[in-house]
Structure formats: C-alpha cells, structure tokens
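Worksheet for the structure shown next.
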Amino acid sequence: MPRTARNPGDQCSIHEDVALRDPRPKTASKSSQENRMEDATSHSWFTCLACFLRTQAQQVLFNTCRCKMLCQKLMEKTGVLVLCAVGFWMCSMHLPSRVEVWQDDSINSPLQSLRLYQEKVRHHTGEIQDLRGSMNQLIAKLREMEAMSDEQKMAQKIMKMIQGDYIEKPDFALKSIGASIDFDHTSATYNHEKARSYWNWIRLWNYAQPPDVILEPNVTPGNCWAFAGDRGQVTIRLAQKVYLSNLTLQHIPKTISLSGSLDTAPKDFVVYGMENPPSEEVFLGAFQFQPENTIHIFSLQNEPPRAFGAVKVKISSNWGNPRFTCLYRVRVHGSVTPPEEPHPQPLP
Numbered sequence: 002m003p004r005t006a007r008n009p010g011d012q013c014s015i016h017e018d019v020a021l022r023d024p025r026p027k028t029a030s031k032s033s034q035e036n037r038m039e040d041a042t043s044h045s046w047f048t049c050l051a052c053f054l055r056t057q058a059q060q061v062l063f064n065t066c067r068c069k070m071l072c073q074k075l076m077e078k079t080g081v082l083v084l085c086a087v088g089f090w091m092c093s094m095h096l097p098s099r100v101e102v103w104q105d106d107s108i109n110s111p112l113q114s115l116r117l118y119q120e121k122v123r124h125h126t127g128e129i130q131d132l133r134g135s136m137n138q139l140i141a142k143l144r145e146m147e148a149m150s151d152e153q154k155m156a157q158k159i160m161k162m163i164q165g166d167y168i169e170k171p172d173f174a175l176k177s178i179g180a181s182i183d184f185d186h187t188s189a190t191y192n193h194e195k196a197r198s199y200w201n202w203i204r205l206w207n208y209a210q211p212p213d214v215i216l217e218p219n220v221t222p223g224n225c226w227a228f229a230g231d232r233g234q235v236t237i238r239l240a241q242k243v244y245l246s247n248l249t250l251q252h253i254p255k256t257i258s259l260s261g262s263l264d265t266a267p268k269d270f271v272v273y274g275m276e277n278p279p280s281e282e283v284f285l286g287a288f289q290f291q292p293e294n295t296i297h298i299f300s301l302q303n304e305p306p307r308a309f310g311a312v313k314v315k316i317s318s319n320w321g322n323p324r325f326t327c328l329y330r331v332r333v334h335g336s337v338t339p340p341e342e343p344h345p346q347p348l349p
C-alpha cells in the first residue's frame, strides 16, 4: 500500500504555532524582536523548502518504485518469453538430428525386417493361392471321375493298359534307345498265306511283322510278332548291361481282338539272362502269362544281382491256337547300378 504523503504546509504551520505559543516573556527589545522575526521567517522558509523537497523526493521515489516494479514484472515476462524462444530454437536445431539418429538406430532395422516379413507373407500367400487352385482342379477331376459311368472307367483303364503309362519303370528293351533282336537265336517268323501279297502268282511282299516289333510301344491289333506253333523263343540284345529285376509281357485285351479270343497269347515261358549271346545262359525264372491281365509284370530271380547284356524268352505253350503264337510287346526292367542289399534286422 502506498504511504500517505505529507503536506509541507503542515510542517510550516506547526512551526508557526510553536513560535506563537512560545511562553518566553516579551521583554526583549524591538531590535531583538525584529531579528527574531527575521530569523523565524528565514527559518520557516527553509523549513518549507525542505519539506517541499522532501515531499517531491518521496513522490519521485514512490514513482520510481512503481516503475521499478513494472520494469521487474516486464523483465520477468520478457525473460520467460526469451527462454521459451531460446528453448524452441534449441529444439528445432538439435531435435531433428537426434530423431534421425534414433530412427536410423532403432526404427530402420525393425522396419526393414517388417518389410522383408511382408514380402515373405505375400510370396507364401501366392503359393497358397496356387496350391488352392491346384486343389480345386483335383477336386473337380475327382468329381468328374465319380460321375463317370462304369463303362467309361473301364474304357479309360483299357487305354492306360494299352499305353502302359502306369508301369513307370525304365524299359531297357526299347528299340528307340538301342535294343535289338538277335536273329540267330530267335525263332522264324510265321508266314501265313493271307499275310502275303501276290500279283499273277508272284509274291510281292509279306505283311507279317518282324520280331523287333515287340520292342516298340505301338500295341494295336495285328501289330505283333508271330511264330509257328506254340513253341518258340526270342533273344533281345539290351541297350546296355543291366542288373535285371523284372520282365513285362503285354497282349491286347479280348474286347478289341478281331477274333474275339486270346488263344494266340503265350502261356508258359522261361527267362534266361546272357552277358553276350551265345554265352552261358543264366536261369531267371519260369512263369505263366494270364491274358486277362493284358499287362503282367514278372519278378526275375536274379540273386545274387548280376548284370546281363541280353535276355532270352523261351515260350513252351500258348492258350490254344495250334498254328501260331503272337507276342505284342516285351519289356525288360532293372538298373545300371547294383541294387542295394537290404540290411539284416537285428534279432530280438
């Protein structure tokens, strides 16, 4: 609270009252009174001047204090503003670099890992979609197969049996890979009168198929090698030496046979292995062919495993035809490397 300023006139009036109330007797002379009055007058003027100057000084000091307080408050506000400005400038200058460093050290590597993970997820998603498409196709095919009639299933089965796709074994008796017939150790081809072409009683050519037709995959009615009677043999030179494991005989099914019977199919036969004909023959097994099976795979008795360069198939009977026997296709299976021997199991 501001202090109440005193009026310098009050001081002066007090001094005058004191002077007037002076109890001293008025016994002085006139000159002394005059001197006193002059002194009192001069003293009062000085007193008034001092009071005035003091009052002015007090007002100046009071105003100075108010200005000082205002200036102090203004300086405080200005200081706060300056400090805020300086802090903002420091943050704007140094914070981006700190943020960049933090991003480089703490965010870039996780972000890169996250991107790689997203790429892997997209790749696997594409693979899953492809697998789903394949599964849908397989399901559609299975539904089609379920909806097929028994006749269609039988027809497809016959076509697969004719083509021989389901065997899935390498054939070392294929003519296209270098296998051939050893004619010196093979029976003569059956020549029937209906299989010859004549002009003016002169024979032009023979329609009978040669023995190497059994080394080709074309199994159609009539495309076979026939030999006279029910006994004969054929020797096949393989494309290379093979550790033999199986032999396959194939005949046409009864449903597409022109005669409606399978009496020309071979029945009992024996298989021999030879390194190079005419060398020692090694017995590999005796078998019987059932024409109802169309394709029959026989396991050879090649123990211990031995590599052979030729195979002899010796037929001793057929299924009833007395004139000739037909061979449609012969396949020889095995491997060019010795088969692995099974490890003996420990006794309990």
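Numbered continuously in my numbering, the sequence shown closes out at residue 349. The C-beta atom is built at its ideal place from N, Cα and C for all residues, glycine as well. Fair warning: this is a prediction, and the values are worked out from it, not measured in the lab.
Enumerate, from N- to C-terminal direction, the unbroken alpha helix (DSSP H) stretches of 4 or more residues contained entirely within the stretch 227-265. none
Of the residues Phe309, Pro267 and Leu50, the one placed nearest Thr295, counting alpha carbons only: Pro267
Given a threshold of 16 other Cβ atoms within 10 Å of its Cβ, counted over all protein chains shown, does Cys225 qualify as buried or as exposed? buried
Please determine, among Val331, Pro111 and Gln138, the residue with the shortest C-alpha to C-alpha distance to Lys176. Val331
On the DSSP bridge list, what partners appear for Leu328? Paired residues: Trp226.
Assuming Phe299 and Val243 are in contact, meaning their beta carbons sit under 8 Å apart, how far apart are those beta carbons, in whole angstroms? Contact flag wrong, Cβ pair sits at about 15 Å.
Coarse secondary structure for Gln289, derived from DSSP in three states: Note: Gln289 maps to strand in three-state DSSP.
Any idea if Glu169 is buried or exposed, counting beta-carbon neighbours within 10 angstroms, 16 or more meaning buried? exposed
How long is the line joining the alpha carbons of Ser246 and Gln130, rounded to whole angstroms? 43 Å
I need the straight-line Cα distance from Gly274 to Ile140, nearest angstrom please. 46 Å
Under the three-state DSSP convention, the category Ile215 falls into: helix
For Tyr118, which of helix, strand or coil comes out of DSSP? Taken through DSSP and simplified to helix, strand or coil, Tyr118 comes out as helix.
Separation of Ala156 from Thr190, as counted between CA atoms: 32 Å
Which residues share a DSSP beta bridge with Asp269? Beta-bridge analysis with DSSP links Asp269 to Gln289.
Between Val314 and Phe270, how many whole angstroms is the CB-CB distance? I'm expecting something under 8 Å. Yes, Val314 and Phe270 are in contact; Cβ-Cβ is about 6 Å, under 8 Å.
Do you know whose CA, among Val272, Glu293, Gln113 and Ile182, lies nearest Ala240's CA? Ile182
Helix, strand or coil at Ala209 according to DSSP, with G and I counted as helix: Ala209: coil per DSSP, three-state reduction.
Leu50, buried or exposed, once every other Cβ within 10 Å from all chains shown has been counted against 16: exposed
Does DSSP put Ser181 in a helix, in a strand, or in coil? strand
What separation, rounded to the nearest whole angstrom, lies between the Cα atoms of Ile257 and Gly310? Distance from the CA atom of Ile257 to the CA atom of Gly310, rounded to whole angstroms, is 35 Å.
What do you reckon, are the CB atoms on Gln234 and Ser188 nearer than 7 Å? Using a Cβ distance threshold of 7 Å, Gln234 and Ser188 count as a contacting pair.
Whose CA, out of Pro218, Asn319, Leu248 and Phe53, lies closest to the CA of Gly335? Leu248
Does DSSP put Ala174 in a helix, in a strand, or in coil? coil
State yes or no: is the C-beta of Asp264 within less than 7 Å of the C-beta of Asn219? no
Among all the DSSP beta bridges, which residues are the ones paired with Lys74? DSSP lists no partner for Lys74.
Would you call Arg197 buried or exposed, if buried means 16 or more other Cβ atoms sit within 10 Å of its Cβ? Note that Arg197 scores a pLDDT of 45, beneath 50, so its modelled location is shaky; the value from the coordinates is reported in the next line. Burial call: exposed.
Between Asp231 and Ser135, how many whole angstroms is the CB-CB distance? I'm expecting something under 8 Å. Your pair Asp231 and Ser135 does not check out as a contact, with CB atoms roughly 51 Å apart and the cut at 8 Å.
So, with DSSP's three-state summary, where would you put Ile298? strand
Look at Ala227 and Cys327 and say whether their C-beta atoms are less than 7 Å apart. yes
Is the Cβ-Cβ distance between Pro305 and Pro340 less than 7 Å? no
Have a look at Pro222 and Ile253 and give me their C-alpha separation to the nearest angstrom. 7 Å
Quick one: what does DSSP say Asn277 is sitting in, helix, strand or coil? Residue state, collapsed to three classes: coil.
Is Ala189 helix, strand or coil by DSSP? Ala189: coil per DSSP, three-state reduction.
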